[in-house]
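Number of protein chains: 2
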Amino acid sequence: MTSLDLQQDPVDLTAALVDIFSVSGEEAVIADAVRAALEKQAPHLEVVRNGDAVLARTNLGRASRVVLAGHLDTVPVNDNLPSRREGEGDAEILHGLGTVDMKGGDAVFLHLAATLPEPKHDITFVFYDNEEVEATRNGLGRIERELPDWLAGDLAIVGEPSNAVIEAGCQGTMRVELRCAGARAHTARAWMGENAIHKLGEPLRRLTAYEPRIVDIDGLTYREGLQATKITGGVAGNVVPDEAVLTVNHRFAPDRTPVQAEQHLREVFDGYELSVVDLSPGALPGLGAPAAAELLAAAGGRASAKLGWTDVARFAALGMPAVNFGPGDPTLAHTRQEQVRTAEIRRVAEVLRDFLA
Amino acid sequence: MTSLDLQQDPVDLTAALVDIFSVSGEEAVIADAVRAALEKQAPHLEVVRNGDAVLARTNLGRASRVVLAGHLDTVPVNDNLPSRREGEGDAEILHGLGTVDMKGGDAVFLHLAATLPEPKHDITFVFYDNEEVEATRNGLGRIERELPDWLAGDLAIVGEPSNAVIEAGCQGTMRVELRCAGARAHTARAWMGENAIHKLGEPLRRLTAYEPRIVDIDGLTYREGLQATKITGGVAGNVVPDEAVLTVNHRFAPDRTPVQAEQHLREVFDGYELSVVDLSPGALPGLGAPAAAELLAAAGGRASAKLGWTDVARFAALGMPAVNFGPGDPTLAHTRQEQVRTAEIRRVAEVLRDFLA
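Just so you know, the sequences run in chain order A and B. In terms of full-length UniProt numbering, the first sequence has 200 at position 200, counting the first letter as 1, and numbering is strictly consecutive. In terms of full-length UniProt numbering, the second sequence has 183 at position 183, counting the first letter as 1, and numbering is strictly consecutive.
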């Protein structure tokens, strides 16, 4: 079995985790290694395995509990394994699949698990599987169903890349299909039909004219968005088409509920047939909660709004304040040239140690 | 071998031809039957076989020659074989695959071949294969390459359905792709990208506002058309798309050359990248030519413009006046409920006999 030294520098530990192949669905080896290391090197923790997830927690009777959650899986390999290091000191870079998304966050959490036997808050560590695939396979969802008490707490920190800045809450996302109908005819006698594709001109005009809201919540700025992501229509090269469909993705700030966001889209596309095909609520930042405020102070008081959707929203749905906080630039996630500044890994480790020690 | 009686009433002969299965690519049986019938029942004709086409002609040394052309193939069977008759007299209907497209025309031509040993004009009969499939397989194209003198003449009559009215010339058809480019980004950070689908709004607006020309040529009215036939774009549900493509079909009156029609589309879609993906020139009606004028007179002086594209354009490209003239409503072609008024079959037979006898 691969053995992991949790006492070592979190940057070295990140590299060791990166070098364990763990594409979604194939997390058994990394889960075995994490479990064995926690059982041996963090004997003060209660450890359980659930599928290819590993859970560990203190039971110190503290007044509050913090959940540190990170997924162990990666997207498929893209000629970017094993890891390699480049540069020195503050300019040092660690290259490789998972350096950003999100073995840097995992490494920090594992290092704290072994080196913080008496934290200020009780801590639950959640290392889970299948985050990079369809939501129905997500290990966190399975844990929520099978071991719900392991997700309870007063604050959740998800170690997804956030440039080592606290990103609070997250925006909601909704996908709708806008469907136009017409009547088929031969294009040589087009006046006998009604062109459904032509009718998409007006919805596209509204999209182009749309001005997304910029919303301030708890001092954080959320920029909404409304974007066509797919357009289809057409029967044959000589046929006036009778159906055309436009798919639109709306990212909405967490001050709106899914119902309100849907109502908004129905107003924007008034007169058109809309159907919601996908919907995930946003999460309010919740930085006013005591544990969240302590974390924010430890991070120097700086936070920004999370724009993408992450598993933070799952914790928010459980009623907990939840933030993203991890090393790495999220725009490099899922790219072949995935890489992280090692200083960010150390920065996240220091902030969390300050907060928890 | 199936035997055909060419002396019989053209309506009965149509039913007999309909009942010989002859989907494109499977015309051997019908071609065998047509060849055998012509050789036996029209001994005054020179007969040759080319692939699954059968050609026959008089060699009487007349001052002019008329080409009568009809394809033998049909689109696939759609629960509409064998033929069946309904009603009586002028209201009689013949149902079945090919009754309209175009075994009625074939039957009239075959009947004339056997019953007009001394026509006023020399006649070339062309019964050909693979009209209902891609142009590269078209039997008429093969004959043009292999036996070009068999297509020469002073007038071509293609027996495609035209409601038993002479349809002259045909419109051209052109397909263009209009491509918009953008820049990918995550939809949660849409301002970092540029949405290619949104850019199709303006071309669609121009299509909706477009007023097609109505063109008079030789007293015939051609209605042009400009129709989107396909629209595609999209990368993934959470990605701002960087490419979107609109396919547009333009039907243009035969007073415009393909170059002029393309120039027109470049003006309509000024500012956009266009590429021509398909182009067939139109055919001028040419009703002023002597043989065409005689035919027109035999038909009572009535003619209308052909809007769809047919093999008439192949003859026009060879420099011959060419018309469509056949029984049946072309809008019923390729439908399951294909059917023809038998009176139209008789009407076409009478007009052609008047013209040729």
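Note that CB positions come from ideal geometry on N, CA and C, so glycine has one too. This structure is a prediction, so every number in the text was calculated from the model and none was measured.
- DSSP places H71/B outside any alpha helix (DSSP H); the residue lies instead in the beta strand (DSSP E), whose first and last residues are 65-71.
- When the alpha-carbon of N80/A is set against those of H121/A, D19/A, L55/A, the nearest one is in D19/A.
- Proximity of chain B to L284/A at the Cβ level (cut-off 7 Å) is not reached, the minimal Cβ distance being about 17 Å.
- In this structure, the alpha-carbon of A185/A lies about 13 Å from that of L307/B.
- At least one CB atom of chain B sits nearer than 7 Å to the CB of L204/A.
- For the segment 68-94 of chain A, no residue has a beta-carbon sitting nearer than 9 Å to a beta-carbon of chain B.
- Exclusion of the five residues before and after R84/B leaves H95, G96 as the residues of its chain whose Cβ lies within less than 7 Å of its Cβ.
- Taking a Cβ-Cβ cut-off of 7 Å, the neighbours of R189/A in chain B comprise L307, given in sequence order.
- Residues of chain B whose Cβ lies closer than 9 Å to the Cβ of G225/A are, in chain order, T187, A188, R189, A190, W191, V240.
- The segment 204-212 of chain B makes no contact with the segment 295-306 of chain B: fewer than 3 CB pairs, one atom from each, lie closer than 8 Å.
- Taking the Cα positions, R302/A is about 14 Å away from G326/A.
- Taken in chain order, the members of the segment 158-172 of chain A whose beta-carbon sits within less than 8 Å of a beta-carbon on chain B are Q171.
- No Cβ-Cβ contact shorter than 7 Å links V158/A with A190/A.
- Annotation: the continuous beta strand (DSSP E) that includes D122/B extends over 122-128.
- Per the C-alpha coordinates, the member of D12/A, L116/A, G51/A positioned closest to S24/A is G51/A.
- Restricting attention to alpha helix (DSSP H) runs no shorter than 4 residues, the segment 106-167 of chain B encloses them at 139-146, ordered along the chain.
- Under the DSSP definition of a beta bridge, S275/A partners with E177/A.
- Nearest CB-CB separation between R179/A and chain B: not below the 7 Å threshold.
- Neighbourhood of L279/A in chain B, by CB distance below 8 Å: empty, with the nearest CB roughly 12 Å away.
- With its beta carbon at least 7 Å from every one in chain A, A298/B lies outside the interface.
- Between the C-alpha atoms of D329/A and R223/B there is a straight-line separation of about 58 Å.
- Just so you know, the alpha carbons of D242/A and V351/B end up roughly 39 Å apart.
- Taking 4 residues as the minimum length, the segment 29-54 of chain A contains no alpha helix (DSSP H) run wholly inside it.
- Among the bridge pairs identified by DSSP, S304/A is matched with E167/A.
- DSSP places G193/B in the coil class of the three-state scheme, outside both helix and strand.
- Contact between L279/B and P254/B fails: their C-beta atoms lie close to 14 Å from each other, not under 8 Å.
- Contact fails between the segment 163-183 of chain A and the segment 331-340 of chain A, because fewer than three Cβ pairs, one in each stretch, are under 8 Å apart.
- Counting the other CB atoms within 10 Å of its CB gives A135/A a total below 16, which places it among the exposed residues.
- K120/B has a beta carbon lying at 7 Å or more from every beta carbon in chain A.
- Exclusion of the five residues before and after A42/A leaves A113, A114 as the residues of its chain whose Cβ lies within less than 6 Å of its Cβ.
- In this model, L246/A and L178/A are separated by some 5 Å (Cα to Cα).
- Residue pairing from DSSP places T247/A in a beta bridge opposite E177/A, K230/A.
- Per the coordinates, the alpha-carbon of F109/B lies some 7 Å from the alpha-carbon of F125/B.
- Under the criterion of beta carbons closer than 8 Å, A56/B and L72/B do not qualify as touching, at roughly 13 Å.
- Ranked by Cα distance from V54/A, the first of V75/A, L155/A, A31/A, E46/A is A31/A.
- Here A297/A is not bridged, per DSSP, to any residue.
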